[in-house]
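What follows is a single structure, written as structure tokens, with notes after it.
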Amino acid sequence: MLKRLSRLFSVKKRSRTINLYPRGDLYDLKQIYDKLNERYFCNQVDLHITWFGNKKFRPRSRIRLGSYHPQHRMIKVHRVLDQAHVPEYAVSFVVYHEMLHHVLPPIQKKKGRRHIHHREFLVREKQFQEYTLAKEFRVVLKTILFK
719 MLKRLSRLFS VKKRSRTINL YPRGDLYDLK QIYDKLNERY FCNQVDLHIT WFGNKKFRPR
779 SRIRLGSYHP QHRMIKVHRV LDQAHVPEYA VSFVVYHEML HHVLPPIQKK KGRRHIHHRE
839 FLVREKQFQE YTLAKEFRVV LKTILFK
């Protein structure tokens with residue numbers, strides 16, 4: 719009886735397998751990640767990378783193009799970027815930005831607030847070779863996605 723009760727109330731931690739899909743229809747995120755890792759991080763960053771979301775998704779006001787998940791050491795890039803009208807430098811910039819989140823974690827500020835895109839982060843972000851082009855394309859992409 720005691721054994722049965724303990725089984726009922728025990729908490730089992732399930733390990734969840736996360737499937738990675740780095741190869742898209744047009745862009746291979748792993749190749750982009752490897753180039754960036756070599757060029758900007760001396761191959762010191764060790765993360766997983768995958769596509770997420772639906773390419774045909776039409777957001778109403780906002781869309782998250784990329785995200786970094788430290789608990790899984792993973793970068794996710796939205797599939798809306800895996801299209802012919804999106805230049806490779808735009809995809810590379812999103813991957814680079816998320817890699818920076820791993821290298822430069824948030825800073826705890828006064829009153830317990832976290833500063834995610836702090837000064838050092840922004841300085842490093844501007845070191846991306848096509849930074850200006852990538853920022854300009856984000857404006858163009860917004861007009862395409864939210865028309």
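Quick note: the sequence shown uses our numbering, first residue 719, plus one each step. From the three backbone atoms N, C-alpha and C, an ideal C-beta is built for every residue, glycine too. None of the values given here were measured: they were computed from a predicted structure.
Check: Quick one: give me the first and last residue of the alpha helix (DSSP H) that Val812 is part of.; Outcome: Glu806 to Val821
Check: From what residue to what residue does the beta strand (DSSP E) around Val795 run?; Outcome: Met792 to His796
Check: Check the C-beta distance from Phe795 over to Leu747 and give it rounded, since I have them as a contact under 8 Å.; Outcome: The sequence given here places Val at residue 795; Phe does not occur at that position. Right, their Cβ atoms sit about 6 Å apart.
Check: According to DSSP, is Leu738 part of a helix, a strand, or is it coil?; Outcome: coil
Check: Which whole-angstrom value describes the C-beta separation of Ile736 and His819, a residue pair presumed to lie in contact below a C-beta threshold of 8 Å?; Outcome: At roughly 18 Å, the Cβ-Cβ gap does not stay under 8 Å, so Ile736 and His819 are not in contact.
Check: In the DSSP output, which residue or residues are listed as bridge partners for Pro832?; Outcome: The sequence shown places Arg at residue 832, rather than the Pro named in the question. Arg832 is bridged to Gln826.
Check: Return the first residue and the last residue of the beta strand (DSSP E) that Ile767 is part of.; Outcome: His766 to Phe770
Check: For the beta strand (DSSP E) that Tyr786 lies in, which residues bound it at each end?; Outcome: Gly784 to His787
Check: Helix, strand or coil: which one does DSSP assign to Asp752?; Outcome: helix
Check: Just how far apart, CA to CA, sit Trp769 and Pro740?; Outcome: 6 Å
Check: Using C-beta distances below 6 Å, list every residue in its chain close to Ile834, excluding the 5 sequence neighbours before and after it, in chain order.; Outcome: Pro824
Check: Bridge partners for Asp746 per DSSP, in chain order?; Outcome: Arg741
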